[in-house]
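Read the structure below first, then the notes.
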Amino acid sequence: MTVSALRHPLKPGLTFDADLDRCADAIRRLSPPAEQECPASPMVAELRRHGLLAAAVPATDGGLGLAHEPEDPLRLVRMLTRIGQANLSAGRLLEGHVNALKLVALHAEGEARRKLLSLARDGGLFGVWGAEGRHPVRLRAAQDGRLELTGEKLFASGTDTVDVAIVTARDADNRTLLIALPTATLTGRLFPAEWSVSGMKATASGRCNLDGVRIAPSDLLGGPDTYFREPWFEGGVWRYAAVQLGGMYAITGHAADQLRARRQATAPLQAARLRQMVTACETAHLWVASAALATEAPAARPATARVAVLARLKVAEEAARLLQLADEAMGAASFALSHPAERVRRDLQLYLRQADPDGMGQRAMERILEDDEERRRWGIG
Ligand SMILES: Cc1cc2nc3c(=O)[nH]c(=O)nc-3n(C[C@H](O)[C@H](O)[C@H](O)COP(=O)(O)OP(=O)(O)OC[C@H]3O[C@@H](n4cnc5c(N)ncnc54)[C@H](O)[C@@H]3O)c2cc1C
143 MTVSALRHPL KPGLTFDADL DRCADAIRRL SPPAEQECPA SPMVAELRRH
193 GLLAAAVPAT DGGLGLAHEP EDPLRLVRML TRIGQANLSA GRLLEGHVNA
243 LKLVALHAEG EARRKLLSLA RDGGLFGVWG AEGRHPVRLR AAQDGRLELT
293 GEKLFASGTD TVDVAIVTAR DADNRTLLIA LPTATLTGRL FPAEWSVSGM
343 KATASGRCNL DGVRIAPSDL LGGPDTYFRE PWFEGGVWRY AAVQLGGMYA
393 ITGHAADQLR ARRQATAPLQ AARLRQMVTA CETAHLWVAS AALATEAPAA
443 RPATARVAVL ARLKVAEEAA RLLQLADEAM GAASFALSHP AERVRRDLQL
493 YLRQADPDGM GQRAMERILE DDEERRRWGI G
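Right, dumping it as structure tokens:
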């Protein structure tokens, strides 16, 4: 039975966990160590088949409400981490879907909302395409009274799998708007093959050209700059840290397997490395869980976003250290293309590169220092 079949689950926790485990196992089986990547579509099919895409839909609309203010935020942590552990590209696509469904839950209204949620309930994959390149996306009034987009998106995860993209565009007053675009209307505008990178290949995070795309006012979600409302904007960064944590668990598991196979797990320095890797995972997990509980609470205030930012930065630090320890522990063997850790290492190294880490950290600390309540929260007041 899939999560999507459980509109009124008797034991939602138990059933959800079982579906999640089966889905993660299926995705792991699709991800053998190999030079050749498994494309995303079979993995997305598993997310769909096990009801994980539909689970993001609000509970009042027939889902499990995981994307926005879930009853149990740790369930969302588990979902992102387990799928990230099975395959970081699948985790990235699932995270983008959750992000998009949160924006729909927060900002979409009326018929547009009904249509988008119905699509998601039926297993449609959503994504959020915000990153700009040299030609940022702009929105302007067209001569026929409709609205027209110009420019292009880069890093558009799922250019070959996403059904609905939520894209950002600046208007003439430099305000950011959100637009829901079914990818069926973007034929010839998506370039998955341009994603030529060493890791996260299956995400096909290529380019999307929006020059001349006409939209109706009903395609807009929310008002100007609502996208940046906290604690949902920067506050959402804990979600990709949860997926990255999955990659940390995967690498640690492969290191443990190799050390045991070589009978080195009890060699003092190797055992110390393994312990440091396990504690790095636990540190990351505690931060991610703390950020999820804080930012996904219905009463969360904008300042709560700070917990997510600090968590995201701490997870990146722990992951970088863990990658170093894993290389030392496993040695040259783990660089063989047939080694189970090889692709995970490449994927995690790239996935850790998320936008503006320095700026995020600096802004977070400035705000903590200038606010007495926040200073007390972090024990320095
Ligand atoms: C696998 C993958 C999938 C992705 N999918 C999506 C997606 O679906 N949708 C989407 O919108 N985005 C997506 N992204 C893009 C992501 O959100 C980031 O925008 C992107 O990864 C940029 O990373 P970067 O390291 O180049 O960041 P940058 O922000 O360019 O940071 C690089 C370095 O420069 C520093 N820096 C940044 N700005 C300044 C400045 N003004 N002055 C001085 N230093 C600065 C940073 O602190 C950092 O040290 C994806 C990224 C990856 C890796």
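The number in the working numbering is simply the position in the sequence shown, starting from 1, with 142 added. All C-beta atoms, glycine included, are put in the ideal place defined by N, C-alpha and C. Every value quoted in this text rests on a predicted model; they were computed, and no experiment measured them.
query	result
Straight-line CA distance for V449 to P215?	15 Å
Using DSSP bridges, identify the partner residues of A307.	G269, L323
Under a criterion of Cβ closer than 6 Å to any non-hydrogen atom of ligand 1, which residues qualify, in chain order?	R234, G238, G269, V270, W271, G272, A273, F297, A298, S299, M342, T345, S347, L492, Y493, R495, Q496, A497, D498, P499, D500, G501
Under DSSP, the beta strand (DSSP E) around G348 begins and ends at which residues?	348-351
Which of the three DSSP states, helix, strand or coil, is assigned to I510?	helix
Looking only at its chain, what residues have a beta carbon closer than 7 Å to the beta carbon of P444, apart from the 5 residues adjacent to it on each side?	E372, P373
With A344 and A182 assumed to form a contact (beta carbons below 8 Å), what rounded beta-carbon distance in angstroms separates them?	4 Å
If you drop the 5 nearest sequence neighbours on each side, which residues of the same chain put their C-beta closer than 6 Å to that of A346?	T301, D302, P334, W337
Does the stretch 489-496 touch the stretch 387-407, meaning 3 or more C-beta pairs lie closer than 8 Å?	yes
Which of the three DSSP states is assigned to A445 in this structure?	helix
Roughly how far, in whole angstroms, is the beta-carbon of P533 from the beta-carbon of E484, given that I think they are within contact range, below 8 Å?	In the structure as shown, the chain begins at 143 and stops at 523. Residue 533 is therefore absent and cannot be evaluated.
Could you give the distance in angstroms between the alpha-carbon of M472 and the alpha-carbon of Q400?	7 Å
Would you give the residue range spanned by the beta strand (DSSP E) that A209 belongs to?	Counting along the chain, A209 falls outside any beta strand (DSSP E), and DSSP gives it neither H nor E.
Once the 5 residues before and after K153 are set aside, which same chain residues still bring their CB inside 7 Å of it?	Note that K153 has pLDDT 49, beneath the 50 cutoff, so the model's placement of it is unreliable and the number below is only indicative. Excluding residues within five positions, none has a Cβ falling inside 7 Å.
Near T318, which residues of its chain fall below 8 Å by C-beta distance, leaving aside the five closest residues on each side in sequence?	T310, A311, R312, P366, D367, Y369, F370
So, L189 versus C180, is the Cβ gap smaller than 8 Å?	no
Near R220, which residues of its chain fall below 8 Å by C-beta distance, leaving aside the five closest residues on each side in sequence?	D159, L162
Indicate the three-state DSSP secondary structure (helix, strand or coil) for V199 in the structure shown.	coil
When the distance is taken between beta carbons, is L195 closer than 8 Å to L258?	no
Hey, T275 and E294 are a contact pair by Cβ (cut 8 Å); roughly how many whole angstroms apart?	Sequence check: residue 275 is Gly here, not Thr. Contact holds; Cβ gap of about 6 Å.
With H, G and I counted as helix, E and B as strand and the rest as coil, what does DSSP make of L148?	With a pLDDT of only 40 at L148, under the threshold of 50, the placement of this residue in the model should not be trusted; the figure read from the coordinates follows. Correct three-state label for L148: coil.
Grab the span of the beta strand (DSSP E) containing E290 for me, first residue to last.	289-292
Should L428 go down as buried or exposed, given a rule of 16 or more other Cβ atoms within 10 Å for buried?	exposed
Spell out the partners DSSP gives F333 in its beta bridges.	R349
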